[in-house]
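> Chains as they are written, first to last, in the UniProt record's numbering: chain W, 1 to 201; chain G, 1 to 201; chain R, 1 to 201; chain B, 1 to 201.
4 protein chains.
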Amino acid sequence: MGRKSDARERLLETAARLVPERGYHGVGVQELCNVAGIKPGSFYYLFPSKQQLVIAVLEKTWEDTRNYIFTPIQTSNLSPLEKIREFFMRTCHLHAHRSSEGKPVLGCTFAVLGGELATQDQVINRKVQEIFSLFTGYFEEWITQAYEDELIALPKERIPDTAKALLCYTEGVALIARIHNDAETFSRMAEGALRLANPKK
Amino acid sequence: MGRKSDARERLLETAARLVPERGYHGVGVQELCNVAGIKPGSFYYLFPSKQQLVIAVLEKTWEDTRNYIFTPIQTSNLSPLEKIREFFMRTCHLHAHRSSEGKPVLGCTFAVLGGELATQDQVINRKVQEIFSLFTGYFEEWITQAYEDELIALPKERIPDTAKALLCYTEGVALIARIHNDAETFSRMAEGALRLANPKK
Amino acid sequence: MGRKSDARERLLETAARLVPERGYHGVGVQELCNVAGIKPGSFYYLFPSKQQLVIAVLEKTWEDTRNYIFTPIQTSNLSPLEKIREFFMRTCHLHAHRSSEGKPVLGCTFAVLGGELATQDQVINRKVQEIFSLFTGYFEEWITQAYEDELIALPKERIPDTAKALLCYTEGVALIARIHNDAETFSRMAEGALRLANPKK
Amino acid sequence: MGRKSDARERLLETAARLVPERGYHGVGVQELCNVAGIKPGSFYYLFPSKQQLVIAVLEKTWEDTRNYIFTPIQTSNLSPLEKIREFFMRTCHLHAHRSSEGKPVLGCTFAVLGGELATQDQVINRKVQEIFSLFTGYFEEWITQAYEDELIALPKERIPDTAKALLCYTEGVALIARIHNDAETFSRMAEGALRLANPKK
DNA sequence: TATGAATGAGCGTTCATTCAT
DNA sequence: TATGAATGAACGCTCATTCAT
Chain W
1 MGRKSDARER LLETAARLVP ERGYHGVGVQ ELCNVAGIKP GSFYYLFPSK QQLVIAVLEK
61 TWEDTRNYIF TPIQTSNLSP LEKIREFFMR TCHLHAHRSS EGKPVLGCTF AVLGGELATQ
121 DQVINRKVQE IFSLFTGYFE EWITQAYEDE LIALPKERIP DTAKALLCYT EGVALIARIH
181 NDAETFSRMA EGALRLANPK K
Chain G
1 MGRKSDARER LLETAARLVP ERGYHGVGVQ ELCNVAGIKP GSFYYLFPSK QQLVIAVLEK
61 TWEDTRNYIF TPIQTSNLSP LEKIREFFMR TCHLHAHRSS EGKPVLGCTF AVLGGELATQ
121 DQVINRKVQE IFSLFTGYFE EWITQAYEDE LIALPKERIP DTAKALLCYT EGVALIARIH
181 NDAETFSRMA EGALRLANPK K
Chain R
1 MGRKSDARER LLETAARLVP ERGYHGVGVQ ELCNVAGIKP GSFYYLFPSK QQLVIAVLEK
61 TWEDTRNYIF TPIQTSNLSP LEKIREFFMR TCHLHAHRSS EGKPVLGCTF AVLGGELATQ
121 DQVINRKVQE IFSLFTGYFE EWITQAYEDE LIALPKERIP DTAKALLCYT EGVALIARIH
181 NDAETFSRMA EGALRLANPK K
Chain B
1 MGRKSDARER LLETAARLVP ERGYHGVGVQ ELCNVAGIKP GSFYYLFPSK QQLVIAVLEK
61 TWEDTRNYIF TPIQTSNLSP LEKIREFFMR TCHLHAHRSS EGKPVLGCTF AVLGGELATQ
121 DQVINRKVQE IFSLFTGYFE EWITQAYEDE LIALPKERIP DTAKALLCYT EGVALIARIH
181 NDAETFSRMA EGALRLANPK K
């Protein structure tokens with residue numbers, strides 16, 4: 001039986017750290033190997049291509065997003081609209097923590113890679129679309145609940161587009177936070193997210 | 001008043017076409033030269049670096065954005081809130097036209113380059129921030145007018161953040177339109193933009 | 001009398017299929033392993049090197065050549081000159097059958113590897129020379145018989161060189177068949193082979 | 001105006017020396033650059049690809065073959081059949097000269113590359129086919145002349161196939177000469193070439 | 001003023017092979 | 001006996017940029 005090691009995991013973690021920061025073209029395979037402490041020839045034993053490594057990064061990042069952001073909100077007993085605000089506050093806290101360590105504000109990994117590769121890599125682009133539809137799923141659930149609780153003044157048929165609008169707003173906020181390297185953008189923009197749902201009174 | 005070569009202009013136009021589509025790292029200097037029909041050695045006579053060419057692209061793209069989107073809206077006699085909607089509709093038309101010619105939906109050039117290079121090139125990043133502040137200026141003007149016309153239910157001190165929220169939403173919509181290669185995103189999301197301003201009734 | 005893994009055999013068969021088609025450098029060890037369904041680590045348990053696998057391919061291919069081409073001709077009661085023609089016709093049939101299945105015409109495996117590696121791998125080159133001398137042995141036997149049967153006008157001392165000329169012609173025909181991907185080359189060129197032996201009348 | 005240099009020519013000459021000796025896969029771009037004394041990044045300024053460099057090598061080698069072998073024979077007043085023999089003798093002399101300097105016998109560059117890449121690179125394969133048809137053109141001319149001078153006993157309609165048989169024989173002889181690293185093969189096999197044309201008496 | 005020629009560092013990837021288990 | 005894991009060197013090629021002319 002062969003040797004066991006965590007090389008694959010180290011590579012994935014390294015990529016999950018560097019790629020969201022500098023983008024797809026901003027990180028080379030060699031650098032990933034150097035930082036992860038694996039030899040250059042080993043990369044392609046562990047992953048079939050740089051593209052597939054990034055797909056794995058997207059999946060891992062989604063897992064983290066779900067575990068640290070969506071699931072805690074989902075299992076809380078916050079009201080639907082408070083869940084939306086909480087989504088922004090949690091995102092803010094995560095970024096603020098990173099930022100306090102001197103690291104740059106990343107914004108949203110999915111938006112960064114989707115925006116960069118939309119016209120260049122359909123495999124990655126599809127994966128980003130797929131993950132965005134999971135975001136929208138949560139948003140739609142919260143807005144539907146708010147609708148049923150009569151917290152918002154919105155015709156029922158506008159719920160899906162409103163969920164999508166929330167996705168757009170979320171990703172736009174993340175992008176601006178990245179460009180201004182300012183984690184507080186998330187908290188300052190939280191109020192706007194609520195207005196998108198058109199709350200009563 | 002001698003005859004002037006249009007090489008610089010051709011190069012700039014080529015870059016303004018290719019860079020928003022494929023991003024900074026997605027287009028090489030050599031390809032730009034080939035497409036523009038200029039010799040590789042001439043590039044660095046005309047521009048000091050790829051970075052500076054892209055700065056010029058950003059400026060030119062901003063000029064176009066102002067001329068084709070902001071100025072016509074500004075000089076129209078639309079109500080402030082209708083101006084916000086018109087901003088999305090005009091953006092939608094421009095992208096839909098390109099899309100009907102089989103070209104990919106670009107989203108927002110500033111967001112594309114800002115997102116890609118936020119952690120890698122501060123010169124370009126500053127330029128993007130600068131242009132975004134021009135966007136926000138228009139938005140703030142419209143929202144202020146709406147406030148003064150008593151069209152929106154918003155405390156005065158929330159106007160600047162609301163303008164910024166509108167920028168975030170705008171850029172998020174553009175990003176999602178790019179990732180889904182769907183120009184109609186702009187028109188479907190226009191309604192959300194208005195809600196950000198919290199219109200009365 | 002324990003059960004024996006057929007991994008070695010599968011690897012050899014895979015190599016005997018891929019190497020003649022694409023040459024030594026055209027097939028990698030990893031691809032051979034993938035296609036044969038063996039693990040990369042096992043390769044070097046089964047064979048000391050890629051070179052030695054190819055040596056085994058050459059030996060196996062020679063076995064097949066002897067069994068399907070030379071031995072049937074040898075045990076037939078064809079006249080010596082008809083044997084030469086039959087050699088080309090049998091070769092033609094084999095290639096035509098492969099070709100009808102959409103596979104490329106291989107020509108002669110020995111020539112392909114000998115030509116590619118003549119200046120690079122003396123072990124393989126020697127093996128090819130050795131096999132070519134077996135070819136020449138058959139040819140010389142047939143020509144000697146034709147000489148004794150007074151079918152050809154050739155001084156006795158020219159027989160060895162004529163056998164060698166027949167080898168050259170054979171390999172040249174195979175090479176041209178490969179390059180033109182045309183199995184019928186073998187049948188169209190059969191007549192020339194006979195003329196090399198200078199038949200009477 | 002730019003700098004002038006013979007770098008392209010040096011690279012082509014280096015390739016024309018190394019590629020026929022070791023084959024396409026046997027010589028790397030880096031090695032070609034090192035030997036030619038050009039820097040690795042310059043290769044792709046001078047040639048669009050390794051493939052196209054080899055196409056240039058084939059064209060140059062054909063020029064040389066025509067100038068040093070075919071044209072002198074063509075402009076001689078040898079009889080048609082003597083021309084065939086002369087073709088082998090000239091080829092022999094060229095190889096013997098190289099061989100006396102300790103260099104390996106190359107055989108035929110076209111056959112080496114055609115055989116190696118027949119199933120892998122159709123652009124190179126076509127170029128080889130094209131050059132072979134030029135060979136056949138000369139052979140057919142000589143055989144036709146021999147037919148008209150009544151030097152050979154061959155039905156007129158067999159002339160094209162006989163020319164092709166001569167090509168096969170030529171290439172086979174070259175291949176065997178390469179594999180045995182024996183320049184004299186060409187002279188010893190010359191007689192066989194004549195028999196292919198079925199000379200009278 | 002303008003450019004043909006060149007450059008060194010780096011790209012993502014594949015190579016035949018080794019080795020601890 | 002058999003293999004999963006790994007390796008360093010090399011692969012063909014592209015990068016943004018420089019410079020002599």
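A virtual CB, placed ideally from N, CA and C, is assigned to each residue, including glycine.
Please list the terminal residues of the continuous alpha helix (DSSP H) segment that includes Tyr-45(G).
To locate residue 45(G), count along the second sequence from 1; it is residue 45. First-last of the alpha helix (DSSP H) with Tyr-45(G): 40–46.
> Per DSSP, what kind of secondary structure is Pro-199(G) in: helix, strand or coil?
Numbered from its first residue, the second sequence carries residue 199(G) at position 199. Strand.
> Are the beta-carbon atoms of Thr-136(G) and Ile-159(G) separated by less than 8 Å?
As a first step, residue 136(G) must be located in the second sequence, where it is residue number 136. As a first step, residue 159(G) must be located in the second sequence, where it is residue number 159. No, these two residues do not count as a Cβ contact at 8 Å.
> Taking the straight line between their C-alpha atoms, what separation do you get for Ala-96(B) and Ala-183(B)?
In the fourth sequence, the residue the question calls residue 96(B) occupies position 96. In the fourth sequence, the residue the question calls residue 183(B) occupies position 183. Whole-angstrom Cα-Cα distance: 5 Å.
> Alpha carbon to alpha carbon, what distance is there between Ile-152(G) and Ala-199(G)?
Working through the second sequence from its first residue, we reach residue 199(G) at position 199. Working through the second sequence from its first residue, we reach residue 152(G) at position 152. For clarity, residue 199(G) is Pro in the given sequence; the question names Ala instead. Rounded to whole angstroms, Pro-199(G) to Ile-152(G) spans 4 Å at the Cα level.
> Please state whether the Cβ-Cβ distance between Leu-11(W) and Leu-32(W) is less than 8 Å.
By one-based count along the first sequence, residue 11(W) stands at place 11. By one-based count along the first sequence, residue 32(W) stands at place 32. Taking 8 Å as the Cβ cut-off, Leu-11(W) and Leu-32(W) qualify as a contacting pair.
> Closest to Leu-106(B) by CA distance: which of Val-105(R), Thr-119(R), Leu-94(R) is it?
Taking the fourth sequence and counting its residues from 1, the one referred to as residue 106(B) is at position 106. The candidate whose alpha carbon is nearest that of Leu-106(B) is Thr-119(R).
> Between Pro-104(W) and chain G, is the shortest Cβ-Cβ distance under 8 Å, so that the two count as touching?
The sequence position of residue 104(W) within the first sequence is 104, counting from 1. Chain G, which has a Cβ nearer than 8 Å to the Cβ of Pro-104(W), makes this yes.
> Suppose you measure from the CA of Glu-21(B) to the CA of Asn-125(W); what does that come to, to the nearest Å?
Counting from one through the fourth sequence, the residue named residue 21(B) turns up at place 21. Counting from one through the first sequence, the residue named residue 125(W) turns up at place 125. Approximately 47 Å, taken between the alpha carbons.
> Which chain R residues sit within Cβ distance under 7 Å of Leu-169(B)?
Start at 1 with the first residue of the fourth sequence, and residue 169(B) comes out as number 169. Note on residue identity: the sequence assigns Tyr, not Leu, to residue 169(B). Those are Cys-168, Tyr-169, Gly-172, listed as they occur along chain R.
> The ligand GDP and Gly-37(R): does any heavy atom of the ligand fall closer than 7 Å to the residue's C-beta?
As far as ligands go, the structure on display features none, and thus does not contain the ligand GDP.
> Can you tell me whether Gly-192(R) is buried or exposed, with buried defined as 16 or more other CB within 10 angstroms of its CB?
Walking along the third sequence from the start, residue 192(R) turns up at place 192. The residue in question, Gly-192(R), is buried, as its Cβ has 16 or more Cβ neighbours within 10 Å.
> Closest Cβ-Cβ distance between Gln-30(R) and chain B: below 8 Å?
Here residue 30(R) corresponds to residue number 30 of the third sequence, with the count starting at 1. No - not a single Cβ of chain B is within 8 Å of the one on Gln-30(R).
> Tell me the rounded alpha-carbon separation between Glu-63(B) and Leu-134(B).
Here residue 63(B) refers to the residue found at position 63 when the fourth sequence is read from its first residue. Here residue 134(B) refers to the residue found at position 134 when the fourth sequence is read from its first residue. So the two alpha carbons sit approximately 11 Å from each other.
> Would Ile-84(G) count as contacting chain W if we go by Cβ distances under 8 Å?
The count along the second sequence starts at 1 and reaches residue 84(G) at position 84. Cβ-Cβ to chain W under 8 Å: no for Ile-84(G).
> May I have the straight-line CA-CA distance separating Leu-81(G) from Thr-162(G), to the nearest angstrom?
For this step, residue 81(G) is matched to residue 81 along the second sequence. For this step, residue 162(G) is matched to residue 162 along the second sequence. Approximately 13 Å, taken between the alpha carbons.
> Can you tell me which of Val-123(R), Ala-174(R), Ile-84(R) puts its alpha carbon nearest to the alpha carbon of Leu-58(R)?
The count along the third sequence starts at 1 and reaches residue 58(R) at position 58. Checked all of Val-123(R), Ala-174(R), Ile-84(R); the closest Cα to Leu-58(R) is Val-123(R).
> Using 8 Å as the limit for Cβ to Cβ distance, is Met-1(W) near chain G?
The residue labelled residue 1(W) in the question sits at position 1 within the first sequence. Residue placement at Met-1(W) is poorly supported in this model, since its pLDDT is 41, which falls under 50; the coordinates still yield a value, given next. No, Met-1(W) does not count as interfacial toward chain G.
> If you follow the alpha helix (DSSP H) that Phe-88(R) is part of, which residue opens it and which one closes it?
In the third sequence, residue 88(R) corresponds to position 88, counting from 1. Here the alpha helix (DSSP H) through Phe-88(R) covers 80–100.
> Please name the residue or residues paired with Ile-152(W) in a DSSP beta bridge.
Residue mapping note: residue 152(W) aligns to position 152 of the first sequence, counting from 1. Bridge pairing for Ile-152(W): Pro-199(W) [DSSP].
> Select from Val-19(G), Ser-99(G), Asp-6(G), Leu-18(G) the residue whose C-alpha is nearest the C-alpha of Ser-42(G).
By 1-based counting over the second sequence, the position of residue 42(G) is 42. Closest by alpha carbon: Asp-6(G).
> Under 8 Å between C-beta atoms, does Met-189(B) make it to chain R?
Position 189 of the fourth sequence holds residue 189(B). Output row for Met-189(B): interface = yes.
> Between which residues of its own chain and Leu-18(W) is the CB-CB distance below 6 Å, once the five residues before and five after are set aside?
As a first step, residue 18(W) is located in the first sequence; it is residue number 18 there, counting from the start. Once the five neighbours on either side are set aside, the close Cβ partners of Leu-18(W) are Val-27.
> Starting from Arg-188(B), trace the alpha helix (DSSP H) in both directions and tell me its first and last residue.
For the purposes of this step, residue 188(B) is taken as residue 188 along the fourth sequence, with counting starting at 1. Arg-188(B) -> alpha helix (DSSP H) spans 185–188.
> Determine the chain R residues that contact Gln-129(B) at a beta-carbon separation under 8 Å, and present them in chain order.
Against the fourth sequence, residue 129(B) aligns to sequence position 129. In chain order: Ile-179, His-180.
> Determine the direct distance from the alpha carbon of Ala-15(R) to that of Val-35(R), and round the result to whole angstroms.
Taking the third sequence and counting its residues from 1, the one referred to as residue 35(R) is at position 35. Taking the third sequence and counting its residues from 1, the one referred to as residue 15(R) is at position 15. Roughly 9 Å separates the two Cα atoms.
> Would a check of beta-carbon distances place Glu-157(R) closer than 8 Å to chain B?
Indexing the third sequence from 1 puts residue 157(R) at position 157. False, the Cβ-Cβ gap to chain B never drops below 8 Å.
> Show which residues of chain B have a CB atom less than 9 Å away from the CB atom of Gly-26(R).
Within the third sequence, residue 26(R) is the residue found at index 26, counting from 1. The contacting residues are His-25, Glu-116, Leu-117, Thr-119, Gln-120.
> Alpha carbon to alpha carbon, what distance is there between Gln-30(G) and Arg-3(G)?
Start at 1 with the first residue of the second sequence, and residue 3(G) comes out as number 3. Start at 1 with the first residue of the second sequence, and residue 30(G) comes out as number 30. A caution first: Arg-3(G) carries a pLDDT of 41, below 50, which makes its placement in the model too unreliable to give a value.
> Quick one: residues in its chain with C-beta nearer than 6 Å to the C-beta of Thr-91(G), no 5 flanking neighbours on either side, listed in chain order?
Taking the first residue of the second sequence as position 1, residue 91(G) is located at position 91. The answer, listed in chain order, is Phe-186.
> Hey, how far is the Cα of Gly-37(B) from the Cα of Gln-51(B)?
For this step, residue 37(B) is matched to residue 37 along the fourth sequence. For this step, residue 51(B) is matched to residue 51 along the fourth sequence. Distance from the CA of Gly-37(B) to the CA of Gln-51(B), rounded to the nearest whole angstrom, comes to 20 Å.
> List the endpoints of the continuous alpha helix (DSSP H) containing Asp-161(W).
Position 161 of the first sequence, counted from the first residue, corresponds to residue 161(W). Segment 159–179, the alpha helix (DSSP H) holding Asp-161(W).
> Can you list the residues of chain R that Val-35(B) reaches, using a CB-CB cut of under 9 Å?
In the fourth sequence, residue 35(B) corresponds to position 35, counting from 1. Going along chain R, no residue has its Cβ under 9 Å from Val-35(B), so there is no contact; the nearest lies around 16 Å.
> At what residue ranges does the UniProt domain "HTH tetR-type" (5–65) of chain G contain a whole run of the beta strand (DSSP E), taking only runs of 3 or more?
none
> For Leu-175(W), would you say it is in contact with chain G, using Cβ-to-Cβ distances shorter than 8 Å as the test?
Your numbering for residue 175(W) matches position 175 in the first sequence. With 8 Å as the cut-off, Leu-175(W) counts as an interface residue toward chain G.
> Quick one: list the residues of chain W neighbouring Arg-22(G), beta-carbon separation under 7 Å, in chain order.
On the second sequence, position 22 is the one that residue 22(G) refers to. Result: Thr-119, Gln-120.
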